[in-house]
Amino acid sequence: MNKFFKIIGAVAIINIVARMFGFLREMVIGMQYGSSYYADSIFTAYTIPNFLYLAVGGAFTTAVISIYNRENTNRPLFVKQSFTIVLFTTLILTAIMMFFADSMLHVFDVGGEEKSEKIYVLAAKLYYWMMPSSVLLVLSSWYSGLLNLHDKFHLSSFAILIYNAAFLIIGVALSVVIGPFGYGVSALLSAVIMLFFLIIGYRKLKSHPVGISFTHNLSTKELWLMVLPLVIGGATIQFYALLHRLFATGLGEGAISAVNYASRLMQFPQAILITAVTTVIYPVLSRKEGENDIEGIRSLYSKGLHYLLLLLLPVTVYSYFYSTNLIQVVFQYGQFNEQSTAMTAPVFAIFSLSMYFLAANMYITRFYYAKGNSLAPVIYSIVNVIGINIFIMVYFTKEYGAMAIAWGTLISSFTNYLMLVLHARFKYKLKFGMFDPSAHYFRAWPPFILITLIVYLSSTYLQFDNKFLTFFVGVAIFGSSLVALYWLFGIQEFKELVRKLLAKFGKSKKDNA
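Note that this note's numbering has the sequence shown beginning at 13, numbered continuously upward.
Laid out in structure tokens, this is it:
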């Protein structure tokens, strides 16, 4: 278990750097184009290829890991079979999306009500350059899955860092020369770089060779049976992003950008944690399921959710009360002005409340997949993401604007969480919170309540004219309160972390002496 969490920690560090580069890209676009139709065009053009990468690529990767670990799988053949299926499926989907490019752009209402020809042409150019990158991105996801199967978690995570860094550097450099169109070229080139890096990494393993095979057997049948539900059940955040874009159209200039900036900032902390955890946990879970290690699976489930709660709930509190200040510090530069902040901050405040639920939902679904149950997450995603979420946006967007989009995400992610937890409790005896008497669940709530009160008071009474002063004072109060209260109330996970850090620090001092 200790080795498991050490690996997660190392992967999390790489993910922090990778996400920082991705986040810097959003910040630079905000500085250059603010909440204009230019920014809307960039984000809209990237929506579909990014959806295919995360939803389709993620589904194939999850299914491949599960089937590869089964005893009856012919692994050398399956590597070729899965590569062939992933390659040709993505090529066909990409070709369809490019053929219907005009229809896709009209669905997203590119150019606004006045249908500016200049904006539409820009979005079309961006789309045609970004769309082919989806093939490379999905293949990269597949290669990452193979590397994770061989415990090369750091390598697959480092590839995302390279991709985000290349996307940022190439995009900014080209945008200076050819304007916003540079981000379209950058999307394609950075995908090429990431795929090349992963191919080299996999070849160095000298494992099963990658190739083409059209042989159909039980493994390919199981792959398709797993992938189709996984696209719906395992791509919750991607479906949210797609629906955000659709419902933000028609809300006026900058609405798409405001929702994008707010959701990106909300996803930053939870994405770092959940990406690190799920990157490591699914191969481990698949092995434990194959070994029928029931107690090990239950321990991973309970401890993982408890750690997410301890980490993300305080961050949620801080993000909610300091929403305006965070948007100012992160985005308010250049063309991103006070008006842009006024549009984005309220949306971000509501989005931030869904941080834990989105992360926990992604974590819990991995336990369903490890048990071969992809149907339940699909049903719950349809009910919540497509049902409750869309209902809220349809009936309240006209009155509340972009905030209704955030409310839809919050309410539907919460109801999805309840359904997944209750189903896991009664179907698989996986316990968490009030269902798990062995956990320190209730001990965490007094410090949560006190942290909420302290952060509320500091955000209300310690506001300064300088946004950075407000930010640093807020972070200092939040951080010191978190450390003091977790220690005072005896949060075992926190005390264990402190002891390990002190022991490591003491050891390093002795080695240097």
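Here a beta-carbon is modelled for each residue, glycine too, at the ideal position from N, C-alpha and C.
**Request:** May I have a chain-ordered list of the alpha helix (DSSP H) segments no shorter than 4 residues that lie completely inside the stretch 351-383?
**Result:** 367-382
**Request:** Reducing DSSP to helix, strand and coil, say where Ile-28 ends up.
**Result:** Stepping through the sequence shown from its first residue, residue 28 is reached at position 16. Helix, per DSSP.
**Request:** Mark Ile-41 as exposed unless 16 or more other C-beta atoms lie within 10 angstroms of its C-beta, in which case mark it buried.
**Result:** For the purposes of this step, residue 41 is taken as residue 29 along the sequence shown, with counting starting at 1. Buried, by the Cβ-count rule.
**Prompt:** Which residues bound the alpha helix (DSSP H) around Thr-106?
**Reply:** Position 94 of the sequence shown, counted from the first residue, corresponds to residue 106. First-last of the alpha helix (DSSP H) with Thr-106: 87-111.
**Prompt:** Around the C-beta of Tyr-49, are 16 or more other C-beta atoms found within 10 angstroms, so that it is buried, or is it exposed?
**Reply:** In the sequence shown, counting from the first residue as 1, residue 49 sits at position 37. Buried is the call here.
**Message:** By the three-class DSSP mapping on this structure, what secondary structure does Thr-464 have?
**Reply:** Here residue 464 refers to the residue found at position 452 of the sequence shown. Looking at Thr-464 - three-state DSSP - the assignment turns out to be helix.
**Beta carbon of Asn-373 nearer than 8 Å to that of Tyr-330** = Within the sequence shown, numbered from 1, the residue matching residue 373 stands at position 361. Within the sequence shown, numbered from 1, the residue matching residue 330 stands at position 318. Against a cut-off of 8 Å, the Cβ pair of Tyr-330 and Asn-373 comes out as no contact.
**Asked** According to the Cβ coordinates, are Asn-160 and Ile-77 closer than 8 Å?
**Response** As a position in the sequence shown, residue 160 is number 148, starting the count at 1. As a position in the sequence shown, residue 77 is number 65, starting the count at 1. Contact: yes.
**Message:** Which residue marks the beginning of the alpha helix (DSSP H) containing Asn-396, and which one marks its end?
**Reply:** The sequence position of residue 396 within the sequence shown is 384, counting from 1. Note, Asn-396: premise wrong, no alpha helix (DSSP H); not H, not E.
**Message:** Tell me which residue opens and which closes the alpha helix (DSSP H) that Asp-52 is part of.
**Reply:** For the purposes of this step, residue 52 is taken as the residue at position 40 of the sequence shown. It spans 49-63 - the alpha helix (DSSP H) in which Asp-52 sits, taken as one unbroken run.
**Item:** Supposed close pair Ile-54, Tyr-273 - CB separation, criterion 8 Å
**Value:** As a position in the sequence shown, residue 54 is number 42, starting the count at 1. As a position in the sequence shown, residue 273 is number 261, starting the count at 1. Wrong, their Cβ atoms sit about 12 Å apart, outside the cutoff.
**Message:** Val-222 and Phe-95 - do their beta-carbons sit closer together than 8 Å?
**Reply:** The residue you call residue 95 lines up with position 83 of the sequence shown. The residue you call residue 222 lines up with position 210 of the sequence shown. Yes, the Cβ-Cβ distance between Phe-95 and Val-222 is below 8 Å.
**Prompt:** In three-state DSSP terms, what is Asn-176?
**Reply:** As a position in the sequence shown, residue 176 is number 164, starting the count at 1. Reduced to three states, the DSSP call for Asn-176 is helix.
**Asked** What three-state label does DSSP hand Pro-281 in the structure shown?
**Response** Reading the sequence shown from its first residue, position 269 is the one you call residue 281. It is helical.
**Prompt:** Between which two residues does the alpha helix (DSSP H) containing Val-147 stretch?
**Reply:** Start at 1 with the first residue of the sequence shown, and residue 147 comes out as number 135. Taken as a continuous stretch (DSSP letters only), the alpha helix (DSSP H) holding Val-147 covers 145-161.
**Message:** Using 8 Å as the threshold, is the C-beta distance between Leu-321 and Ala-456 below it?
**Reply:** Along the sequence shown, one-based indexing puts residue 321 at 309. Along the sequence shown, one-based indexing puts residue 456 at 444. Yes; because the gap between Cβ atoms is below 8 Å, this pair is in contact.
**Message:** With a threshold of 6 Å on Cβ separation, who are the neighbours of Ile-224 within its own chain once the five nearest residues in sequence on each side are excluded?
**Reply:** For the purposes of this step, residue 224 is identified with residue 212 of the sequence shown, where counting begins at 1. If we look at Ile-224 and ignore the five residues flanking it on each side, its Cβ neighbours are Thr-96.
**Prompt:** Using the rule of at least 16 other Cβ atoms within 10 Å of the residue's Cβ for burial, across every protein chain shown, is Tyr-313 buried or exposed?
**Reply:** Locating residue 313 in the sequence shown gives position 301, where the first residue counts as 1. Label assigned to Tyr-313: buried.
**Prompt:** So is His-228 buried or exposed if we call it buried at 16+ other beta carbons inside 10 Å?
**Reply:** Counting from one through the sequence shown, the residue named residue 228 turns up at place 216. Label assigned to His-228: exposed.
**Asked** Out of curiosity, what's the CA-to-CA distance linking Met-39 and Phe-343?
**Response** Here residue 39 refers to the residue found at position 27 of the sequence shown. Here residue 343 refers to the residue found at position 331 of the sequence shown. Each residue's alpha carbon lies about 6 Å from the other.
**Prompt:** When the distance is taken between beta carbons, is Tyr-381 closer than 8 Å to Thr-74?
**Reply:** The sequence position of residue 74 within the sequence shown is 62, counting from 1. The sequence position of residue 381 within the sequence shown is 369, counting from 1. Cβ atoms of Thr-74 and Tyr-381: closer than 8 Å.
**Asked** Which one of Thr-377, Thr-482 and Phe-476 has the shortest CA to CA distance from Phe-434?
**Response** In the sequence shown, counting from the first residue as 1, residue 434 sits at position 422. According to the sequence shown, residue 434 is Leu rather than Phe. Nearest of Thr-377, Thr-482 and Phe-476 to Leu-434, Cα basis: Thr-377.
**Prompt:** Around the C-beta of Gln-351, are 16 or more other C-beta atoms found within 10 angstroms, so that it is buried, or is it exposed?
**Reply:** Here residue 351 refers to the residue found at position 339 of the sequence shown. Its Cβ having fewer than 16 others within 10 Å, Gln-351 is exposed.
**Asked** What is the DSSP secondary structure of Lys-127, reduced to helix, strand or coil?
**Response** Numbered from its first residue, the sequence shown carries residue 127 at position 115. Per-residue confidence for Lys-127 stands at a pLDDT of 48, beneath the threshold of 50, marking its modelled position as unreliable; the derived number appears in the next sentence. Lys-127: coil per DSSP, three-state reduction.
**Cβ pair Met-43, Phe-348 closer than 8 Å** = The count along the sequence shown starts at 1 and reaches residue 43 at position 31. The count along the sequence shown starts at 1 and reaches residue 348 at position 336. Contact flag set, yes.
**Message:** Suppose you measure from the CA of Phe-99 to the CA of Ala-107; what does that come to, to the nearest Å?
**Reply:** The residue labelled residue 99 in the question sits at position 87 within the sequence shown. The residue labelled residue 107 in the question sits at position 95 within the sequence shown. Reading off the sequence shown, one finds Leu at residue 99, where the question assumed Phe. Answer to the nearest angstrom: the Cα atoms are 12 Å apart.
**Prompt:** Quick one, which of Tyr-65, Phe-438 and Ile-503 has its alpha-carbon nearest Ser-532's?
**Reply:** Because the chain here runs from 13 to 525, residue 532 falls outside it and cannot be looked at.
**Residue from Asp-114, Ser-169 and Ala-418 with nearest C-alpha to Phe-156** = Residue mapping note: residue 156 aligns to position 144 of the sequence shown, counting from 1. The question names Phe, but residue 156 is Ser in the sequence shown. Considering only alpha carbons, the answer is Ser-169.
**Prompt:** Straight-line CA distance for Ile-404 to Ala-361?
**Reply:** Residue numbering aside, residue 404 sits at position 392 when the sequence shown is read from its first letter. Residue numbering aside, residue 361 sits at position 349 when the sequence shown is read from its first letter. Straight-line Cα distance between these residues: approximately 17 Å.
**Request:** Please say whether Leu-138 and Phe-193 have beta carbons closer to each other than 8 Å?
**Result:** As a working note, residue 193 is residue 181 in the sequence shown. As a working note, residue 138 is residue 126 in the sequence shown. In this structure, Leu-138 lies closer than 8 Å to Phe-193 by Cβ.
**Message:** What residue range does the alpha helix (DSSP H) around Glu-307 cover?
**Reply:** What you label residue 307 is simply residue 295 of the sequence shown in a count that begins at 1. Counting along the chain, the alpha helix (DSSP H) containing Glu-307 begins and ends at 306-333.
**Item:** Separation of Thr-101 from Phe-280, as counted between CA atoms
**Value:** If you number the sequence shown from 1, residue 280 lands on position 268. If you number the sequence shown from 1, residue 101 lands on position 89. Each residue's Cα considered, the two are about 30 Å apart.
**Message:** Given a cut-off of 8 Å on the beta-carbon distance, is the pair Val-327 and Met-367 in contact?
**Reply:** Here residue 327 refers to the residue found at position 315 of the sequence shown. Here residue 367 refers to the residue found at position 355 of the sequence shown. Their beta carbons are under 8 Å apart, which means Val-327 touches Met-367 by this criterion.
**Request:** Taking the CB atoms as reference points, tell me whether Thr-421 and Asn-396 lie closer together than 8 Å.
**Result:** Indexing the sequence shown from 1 puts residue 421 at position 409. Indexing the sequence shown from 1 puts residue 396 at position 384. Going by C-beta atoms, Thr-421 is not nearer than 8 Å to Asn-396.
**Asked** Mind checking Asn-478: buried by the 16 CB within 10 Å criterion, or exposed?
**Response** Indexing the sequence shown from 1 puts residue 478 at position 466. Classification of Asn-478: exposed, given that the 10 Å Cβ count is below 16.
**Prompt:** Do Thr-59 and Phe-259 have their CB atoms nearer than 8 Å?
**Reply:** As a working mapping, residue 59 is identified with position 47 in the sequence shown. As a working mapping, residue 259 is identified with position 247 in the sequence shown. Contact flag unset, no.
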